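In this note's numbering, the protein residues as written are 123 to 402. I have placed the structure first, in the form of structure tokens, so that the comments after it can refer back to it.
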């Protein structure tokens, strides 16, 4: 019989963990980017990395921090991660990952952790390796400078509140969120078009590895929606991402956001899979 076990990974497990993360570089970009920078030390990583072993070999991972993220996890691994999560109690604000393992993980955890504030069961994962020739990048979209943080912040707060349903300023007054925004600006991965001192379009490259990166936080000022800024703005960010960051660019979007999905397809993205998010 197959012998299985689950444990918290240690810094010495980094090579084996990276091998699993890099086996699916697009789906795992968010966690892989954190691990490549912080390693597996829980304090630096911002959470624990759980490993599921079968016959002594590391097969699957689960990141347990602000998000609970199953990684390359089949049903048996998901059940083991769910049991560990049940024992630990809910510490995360969301469960997110590829739809199939995330759905099973939530079914197992819902009796003890539910109800969720919202379940987004179908979030298409979109990918591109080259921009479309049909959309001209907005020449006014550029990298944000560190001295423009205060200009960008209201747009970031508006985007987060609109997307997640709660303000990122709640709880700690927004200290962690502001630190994350500043981190992305400092890394050169925050982009916007600013007209007359106001952000009209913005997006970030939220996760980046040498293999793939992930765009997030796409937002157009309400008074400018319907003007095509999401397409020309995204084309500009995509140009930066492919030239400076990684050969593959991804994002995931809510299935009900038909205008965004249409815009991303025009820019050159195609749907390759499905993510799922459970929000608490």
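Ideal Cβ placement from N, Cα and C applies to all residues, glycine included. Treat the numbers as computed from the prediction; the structure is a model and nothing was measured.
Rounded Cβ spacing between residue 380 and residue 221 (contact assumed at less than 8 Å): Not a contact, Cβ separation roughly 19 Å.
Beta carbon of residue 309 nearer than 8 Å to that of residue 356: no
Whole-angstrom distance between residue 283 and residue 345, CA atom to CA atom: Taking the straight line from one Cα to the other gives about 17 Å.
Under 8 Å between C-beta atoms of residue 241 and residue 400: yes
Cutoff 6 Å; reference residue 393; Cβ partners in own chain excluding five residues on either side: 246, 248
Three-state secondary structure (DSSP) of residue 386: In the structure shown, residue 386 adopts helical secondary structure according to DSSP, grouped into three states.
Cβ shell of residue 281 (< 6 Å), same chain only, five flanking positions each side left out: 339, 341
Counted within 10 angstroms of its Cβ, other Cβ atoms place residue 197 as buried (16 or more) or exposed: It is exposed - the Cβ of residue 197 has fewer than 16 other Cβ atoms within 10 Å.
Residue 173 and residue 139 closer than 8 Å at C-beta: Pairing residue 173 with residue 139 gives a Cβ-Cβ distance under 8 Å.
Enclosing beta strand (DSSP E) for residue 339 [first to last residue]: 335–342
Where the beta strand (DSSP E) containing residue 152 begins and where it ends: No beta strand (DSSP E) contains residue 152, which is instead part of the alpha helix (DSSP H) from 151–160.
Selected residue, minimal CA-CA separation from residue 183, among 292, 127, 360, 367: Taking only the C-alpha atoms, the option nearest residue 183 is 127.
Residues of its chain near residue 132, where Cβ-Cβ distance is below 7 Å and the 5 sequence neighbours each way are ignored: Excluding positions up to five away in sequence, the list reads 162.
Cβ-Cβ distance between residue 363 and residue 316 below 8 Å: no
Residue 235 to residue 211 span [Cα, whole Å]: 8 Å
Cβ-Cβ separation, residue 261 to residue 361 (assumed contact under 8 Å), whole Å: 10 Å between Cβ atoms; not a contact.
First through last residue of the beta strand (DSSP E) which encompasses residue 240: 240–250
Cβ neighbour criterion (16 or more within 10 Å) applied to residue 288: exposed
Pairwise C-alpha distance: residue 272 and residue 219: 32 Å
Own chain partners of residue 239 with C-beta closer than 6 Å, once the 5 adjacent residues on each side are dropped: The residues are 401, 402.
Reference residue 258, options 368, 158, 350, 143, closest by Cα: 350
7 Å CB neighbourhood of residue 194 in its chain, flanking five on each side removed: 142, 145, 146, 182, 183
Identified DSSP bridge partners for residue 401: 216, 240
Reference residue 164, options 150, 152, 130, closest by Cα: Residue nearest to residue 164 within the set 150, 152, 130 is 130 (criterion: CA-CA distance).
CB of residue 278 within 8 Å of CB of residue 303, strictly: yes
For residue 174, the residue or residues it bridges with in DSSP: Bridge partners of residue 174: 128, 182.
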